[in-house]
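**Q** The structure under discussion is supplied below as structure tokens; questions concerning it will follow.
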């Protein structure tokens, strides 16, 4: 671990940033690749402000970029903002910002006349398009932001690289990091033994297969519910029981949704489950489990621990909902999200993609991470893992 | 297991066909789907003639088709030909046919004026195109046959469904059935203990990842050599050691090629391996291991059992080559090839695709298995596995 | 879940007890077996006072026993004491008790003239033997308490059943519950990705093999250091790499001790490890890693998060110690200890053993859990897991 | 692999012995440990005569012993006898020997006035005790032979080391080698896909847990039937479904017995199974499955391949019995028995134990392998596996 003098100060200021930095070897090494590509350019940023993103911002600043950054709504960590500011970066926002204050922060980023954007959900791009602010282009972290850029926001005439489209993210983050953090979080929050439990995983996409894999690895019995016939066959030959959505409620004892769809677990399904069944949502949105419907069925709701609520149904049965049905590996008590290394991978793609936009020569519009960047980062990660 | 009267006779005639049929529930059930689509049509066939294909031909005949069939060069099983003939099908060819006799058999199939072809390697299509014989279309089993149909043979103006392009084959056959049969075959042929052995798998495509998975499952240490950076990363996060092609020879003790490429294990690599290293080829062609180069290096070659040969190198070291470097799960002593159920899947795709061509309405030219057929067969297989 | 009226009150009073109770089906069902065996008897208790033990005490009280209980030094949870008191049990002690106050609590238990003891470390037995207080007998949770009863404390002339000697504890608690909680805790505290990490597990006893199993299950590379030749062979045929104590420091990146011995990881071993190596102790005592020796070598120690400390060695290298080298699955930030069900098993053994002592007929002295109780509890747990 | 001149001749004569020898590093290295302990002593041998035992006999002869050997009833391999004779050893017997001829062979061994015996089933010891022939002692391979020596045969006044009592055999041979060979053999003989199959393993002793482990490893669903409550709990926390003997027949699709008991699968159980169920016996004796009872129920029995027989029950259902219910990993078509390395381990114990008896100082009577020999062989095997 070789750290420059600036990053050294940041390390000293915040132990959580220090720990993240020590395990983010990829992003720590991109500086050499970027060279002077970002030198003197201003990057407008809207991102969850937590230790791992702090490392990314510091790396970009060390590469000569001028950072103007704010957080996402409701997730900004105060100590991280303070550490970045102490370190000389122009960062603002707080967890308590209301939508109006948050919007003002976004405007303040745009007011700084950024050359590039590093956005998460396309809020900055929306402002740029709305106002006609000239930029060189930038990156967008999320698929939903990319959808806005391809749809409602109208055509953008500069290159925007969409990080989440990279196959590396599917492999490392969706399958392994999400799978691990969901199963680890289940064990941590509930303190239950996985053996003898019957886990039903809804969806056998990247996230679902990761969850299924780790639930089985720790000794659980696992069944898959999947409406796509070909993915269902994959689950079956991967050794899982495959159940119809109608059979699963009576079979399982833990139910984990990872489909991206709405109302996967309806109130009628929950009514059929056994006493003490546990409900977990691993999807991005909190609508996979019909929590309002469940609440309506319930005669009482009792907390039985952090992120654990027992719903006593009018029928006399009770089921347990974890983390209010919100994305479990981020929303649960004590949750730390995906592993540091999986974020390190994504942020390396971010930094290299920003530099590529700065260098120029790309077609306008939202686009995938260039293949050579994917391959470069993949090779760097393999090398690090095997060292 | 409900069997019609004709199939019953076949069962009585040959126990190996009976065993295959009892475990080929999918192909056994396609008759109901096909209905009268094949009734009265003549199907010209060129296929390995062994118990599983016998079941397919009988099912097509039971659906009303008129079968005229010959085998592939060098793989025809005499008792199967006899059983099919006794059962009233027009089948000919023998294992001892030389290329000239084999070509005559293919011509005899075409001389019968088939309406449809069920081909394996595009030899029948080549004749049809050469002679200008009119057909409705047909199926082609292999990728290499499909390449001929898209290239050297010139444009074909009838629909030809390419079975091997189906995603179901990749999942069920390439990953699981090949992986299992290679590892099972290794244990069977060598009688060695996998624990403590260091398996190097070359290639992390569908076959390679299946082999790696099963080698690890039975207790082996497994490393992957893969030149594609993204697949290499997948191997690493799947928990495997990833090695460079230059490091692997000194690390491993068993080397399995599954790349599709030529000369993966060159003589120079083999020279670097430890005494007693074992070499296995899982790829379709016998050129992944440079056997001629190995033979040239060898001072002596000694058989140490069926499919086991020790090459004593001039350097004083010796290594062991299994099944002469030919496709191990088919060529090894006692090898039975892929599991019956994985073949059942492929043959269901065959039968349904032939019926689809017969029904008409498809575009001309080589094409993938229609999506609805893939989904229908996938759903049927899941249902059978879970019943 | 059927709960009696008394337990219902306790449930209402404390959500964590409610959650534990809902998942402690075995102890919840022992009342029927115990019948009136404990009716009217006073049980003197010294035990960690946390939610799971609260359930045990409540069950014993529901069976008619009169409970007088205090905690162990430094682990008493205030809200649990309060809940039990509100519920009418005679419970006292607090986390802040110093050794003198703790001793006074123990004396207060003995002063109540208990008929039976439920002890954890033999502190109550020591007082009884010292004072010559007449009791019927009781149970002792720990192996170290049993050693005191077989040694320094002199002969005890009443039956004392030693719970930790039961084979059920080795299987369920030591292997699976400890293994899971150590690996889960590692992921939780560090937020690191297990793939690509090289875990060295010291000791292949029950705990070590559980840790190794779960570390491998989540994708880690695992090696074992074990001085017993036969256990080392077991590790090898279980598919692990087996390393000598001299080779391990240079091979690994995470080091987990589970031997029961002292000084397993000496300062000289740590000096040989790679930068960023992580040290974890899973053993009962905090002396398996030589923390004083490590501190002496260190030029600086910096916290990088809860339970994470980086030791910067004078040599310029740095290593990371988790939870100060104390028993990781109990001492780490947010640690919840072994799974509820594994504790449920042990507490069922406790309750049934106390009833057996009360019924009489046992030989005097420390002794194993009667075989029929082991079998009864094992069968009940299997039935619950499969239901 | 360094081979002496005598062994070299043997290698040249028989390729199967060469292959075994190349993978029997432990027995190949015991000569150095034995030194002159066996020099000039005559060893009377009764053992399965196949390639691995040939290596053992050659190693003993190279250590200076004079070998007089015959086979066990019905298992003698002609080419191995021939190779050993060509190599100068006094070996006799053939596969076709009837009990009378076999007994004559045993007498011929004893007539040679051996100093030591290497026996398998205590037939030689029976003769020695009957005739009062003086010997120094020897070894006995099997548990059943040891039972005869402790019971019916009366007291023996010389030391006899019982090899099968060694914990190394349980670990390496019973758990791993048997488990692997049963599952590998199932795949090989049936050519079926394990996924989607429901394997019921009867007995969770060493063999049963090995079989269960490997059946699950290759993708099967696995349930355990076990009457011992504590082993059943172990199976449950190892992540298996545990079924009662009454539930299992209706649940499973493949049934494997590994209990050592008689009539585990009775005709009444088989009657309850689903069509196409497959029955396999992994136990030493062919009485775990009630084959006579099954035959009585059957209207017809049809071979469907080597080691595959379909029993058509009068009820209209049919089930499949593999290898006639005899010990599957030895009796099935093409079966090669336990892995070479697992036999190498046992034969190292044999050779070192014989030398220990020769050196003298042991108590008389049947006894376990000395602890130091177990540890020495365990350490040697770990070293070989890790090299």
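Residue numbers (my numbering), protein chains in the order written: chain A, 29 to 415; chain B, 29 to 415; chain C, 29 to 415; chain D, 29 to 415.
In this text, a Cβ means the ideal position worked out from N, Cα and C, and glycines have one as well.
Taking only the alpha-carbon atoms, compute the straight-line gap between residue 157 of chain D and residue 364 of chain D and give it to the nearest angstrom.
**A** Counting from 1 along the fourth chain, the entry for residue 157 of chain D is found at position 129. Counting from 1 along the fourth chain, the entry for residue 364 of chain D is found at position 336. Approximately 34 Å, taken between the alpha carbons.
**Q** Would you say residue 223 of chain B faces chain C, with C-beta separation under 8 Å as the test?
**A** Within the second chain, the letter at position 195 stands for residue 223 of chain B. With 8 Å as the cut-off, residue 223 of chain B counts as an interface residue toward chain C.
**Q** Which runs of the alpha helix (DSSP H) at least 4 residues long sit entirely within the stretch 104-169 of chain D? Give them in chain order.
**A** 106-114, 127-139, 151-159
**Q** Per DSSP, what kind of secondary structure is residue 283 of chain B in: helix, strand or coil?
**A** Stepping through the second chain from its first residue, residue 283 of chain B is reached at position 255. Three-state result, residue 283 of chain B: strand.
**Q** Quickly, what does DSSP pair residue 94 of chain D with across the bridge? List them, please.
**A** The count along the fourth chain starts at 1 and reaches residue 94 of chain D at position 66. Residue 94 of chain D pairs with D:70.
**Q** Measure the beta-carbon distance from residue 292 of chain B to residue 230 of chain B and round it to whole angstroms, keeping in mind my assumption that it falls under 8 Å.
**A** Looking up residue 292 of chain B in the second chain gives position 264. Looking up residue 230 of chain B in the second chain gives position 202. Contact flag correct, Cβ pair sits at about 5 Å.
**Q** Looking only at its own chain, which residues have a Cβ that is under 7 Å from the Cβ of residue 335 of chain C, when we skip the five neighbours before and after it?
**A** Sequence index remark: in the third chain, residue 335 of chain C carries index 307 (1-based). Once the five neighbours on either side are set aside, the close Cβ partners of residue 335 of chain C are 217, 350, 351, 360, 361.
**Q** Is there a C-beta anywhere in chain C that falls below 8 Å from the one on residue 409 of chain D?
**A** Taking the fourth chain and counting its residues from 1, the one referred to as residue 409 of chain D is at position 381. So, interface residue.
**Q** Along chain C, which residues have their Cβ under 9 Å away from the Cβ of residue 264 of chain B?
**A** For the purposes of this step, residue 264 of chain B is taken as the residue at position 236 of the second chain. Those within 9 Å of residue 264 of chain B in chain C are 223, 224.
**Q** Are at least three pairs of beta-carbons, each pair with one atom in the stretch 297-307 of chain A and one in the stretch 276-283 of chain A, less than 8 Å apart?
**A** yes
**Q** Could you give the first and the last residue of the continuous beta strand (DSSP E) run that contains residue 305 of chain A?
**A** By 1-based counting over the first chain, the position of residue 305 of chain A is 277. Run containing residue 305 of chain A: none; DSSP gives neither H nor E here.
**Q** Given this structure, state the Cα-to-Cα distance separating residue 390 of chain C from residue 153 of chain C, to the nearest angstrom.
**A** The residue given as residue 390 of chain C occupies position 362 in the third chain. The residue given as residue 153 of chain C occupies position 125 in the third chain. Straight-line Cα distance between these residues: approximately 18 Å.
**Q** Just list the alpha helix (DSSP H) runs in the stretch 229-294 of chain B, keeping only unbroken ones of 4 residues or longer that don't cross its boundaries, in chain order.
**A** Inside the stretch 229-294 of chain B, DSSP marks whole alpha helix (DSSP H) runs of 4 or more residues at positions 234-245, 257-265, 276-279, from first to last along the chain.
**Q** I'd like the list of long-range same chain contacts for residue 174 of chain D, defined as Cβ closer than 6 Å, with 5 residues on each side in sequence excluded.
**A** Residue numbering aside, residue 174 of chain D sits at position 146 when the fourth chain is read from its first letter. For residue 174 of chain D, where only same-chain residues beyond five positions count, the Cβ hits under 6 Å are 168, 190, 394.
**Q** Of the residues that make up the stretch 233-262 of chain D, which ones have a beta carbon closer than 9 Å to any beta carbon in chain A?
**A** 244, 246, 247, 248, 249
**Q** Based on the DSSP secondary-structure assignment, which residues constitute the bridge partners of residue 338 of chain C?
**A** What you label residue 338 of chain C is simply residue 310 of the third chain in a count that begins at 1. According to DSSP, which records beta bridges pairwise, residue 338 of chain C is partnered with C:330, C:348.
**Q** Please name the residues in the stretch 303-328 of chain B whose beta-carbon is closer than 9 Å to at least one beta-carbon of chain D, in chain order.
**A** Closer than 9 Å at the C-beta level to chain D, one finds these residues of the stretch 303-328 of chain B: 303, 304.
**Q** With a 10 Å radius around its C-beta and 16 neighbouring C-beta atoms as the bar for buried, classify residue 237 of chain B as buried or exposed.
**A** Your numbering for residue 237 of chain B matches position 209 in the second chain. Residue 237 of chain B comes out buried.
**Q** Could you tell me which chain C residues have their CB closer than 9 Å to the CB of residue 52 of chain D, listed as they occur along the chain?
**A** If you number the fourth chain from 1, residue 52 of chain D lands on position 24. The contacting residues do not exist; residue 52 of chain D stays about 16 Å from chain C at best.
**Q** Should residue 248 of chain B be labelled buried (16 or more other beta-carbon atoms within 10 Å of its own) or exposed?
**A** By one-based count along the second chain, residue 248 of chain B stands at place 220. The residue is buried, with at least 16 neighbouring Cβ atoms inside 10 Å.
**Q** Quick one: does residue 355 of chain B have its CB under 8 Å from some CB of chain A?
**A** Taking the first residue of the second chain as position 1, residue 355 of chain B is located at position 327. Chain A contact via Cβ: absent.
**Q** DSSP three-state label for residue 394 of chain A, please.
**A** Residue 394 of chain A sits at position 366 when you count from the first residue of the first chain. In this structure, residue 394 of chain A counts as strand in the three-state DSSP scheme.
**Q** Measuring straight from C-alpha to C-alpha, what distance separates residue 102 of chain A and residue 99 of chain C?
**A** In the first chain, residue 102 of chain A corresponds to position 74, counting from 1. In the third chain, residue 99 of chain C corresponds to position 71, counting from 1. One C-alpha to the other measures close to 41 Å.
**Q** If you measure beta-carbon to beta-carbon, which residues of the stretch 57-78 of chain D are closer than 7 Å to chain A?
**A** The stretch 57-78 of chain D vs chain A, Cβ under 7 Å: nothing.
**Q** Enumerate in chain order the residues of its own chain whose CB-to-CB distance from residue 147 of chain A is below 6 Å, with the five nearest sequence positions on each side excluded.
**A** As a position in the first chain, residue 147 of chain A is number 119, starting the count at 1. So the qualifying residues of the chain are 74, 153, 168.
**Q** If you pair each beta-carbon of the stretch 264-274 of chain D with each one of the stretch 406-413 of chain C, do three or more pairs fall below 8 Å?
**A** yes
**Q** Do you know how far the Cα of residue 200 of chain A is from the Cα of residue 88 of chain C?
**A** Position 60 of the third chain, counting from 1, holds the residue named residue 88 of chain C. Position 172 of the first chain, counting from 1, holds the residue named residue 200 of chain A. Each residue's alpha carbon lies about 50 Å from the other.
**Q** Going by DSSP, what residue range makes up the alpha helix (DSSP H) through residue 200 of chain C?
**A** On the third chain, residue 200 of chain C is found 172 positions in, with the first residue counted as 1. Element bounds for residue 200 of chain C: n/a, residue is neither H nor E.
**Q** Which residues of chain D have a Cβ atom closer than 8 Å to the Cβ of residue 270 of chain C, listed in chain order?
**A** Along the third chain, read from residue 1 onward, the residue named residue 270 of chain C stands at position 242. Within 8 Å Cβ-Cβ: 410, 413, 414.
**Q** Look up residue 187 of chain A in the DSSP assignment and say whether it is helix, strand or coil.
**A** Start at 1 with the first residue of the first chain, and residue 187 of chain A comes out as number 159. Here residue 187 of chain A sits in strand by DSSP.
**Q** Distance cutoff 8 Å, beta carbons only. Does residue 284 of chain D sit that close to anything in chain B?
**A** Working through the fourth chain from its first residue, we reach residue 284 of chain D at position 256. Judged by the 8 Å Cβ criterion, residue 284 of chain D is not in contact with chain B.
**Q** Run down chain D in chain order and give the residues with a C-beta less than 9 Å from the C-beta of residue 267 of chain A.
**A** The sequence position of residue 267 of chain A within the first chain is 239, counting from 1. By Cβ distance, chain D contributes 222, 223, 224, 244, 246, 247, 248, 249.
**Q** So residue 205 of chain D contacts chain B; which residues on that side make the cut at Cβ distance below 8 Å?
**A** Counting from one through the fourth chain, the residue named residue 205 of chain D turns up at place 177. By Cβ distance, chain B contributes 221.
**Q** Alpha carbon to alpha carbon, what distance is there between residue 171 of chain B and residue 378 of chain A?
**A** As a working mapping, residue 378 of chain A is identified with position 350 in the first chain. As a working mapping, residue 171 of chain B is identified with position 143 in the second chain. Distance between the alpha carbons of residue 378 of chain A and residue 171 of chain B: 38 Å.
**Q** How would you list, in chain order, the residues of chain A whose beta-carbon sits under 8 Å from the beta-carbon of residue 364 of chain C?
**A** Here residue 364 of chain C corresponds to residue number 336 of the third chain, with the count starting at 1. Near residue 364 of chain C (Cβ distances below 8 Å), the residues of chain A are 216, 219.
**Q** Looking at C-alpha atoms only, which residue of A:337, A:213, A:70, A:356 is the closest neighbour of residue 313 of chain A?
**A** Looking up residue 313 of chain A in the first chain gives position 285. Cα-wise, what sits closest to residue 313 of chain A is A:356.
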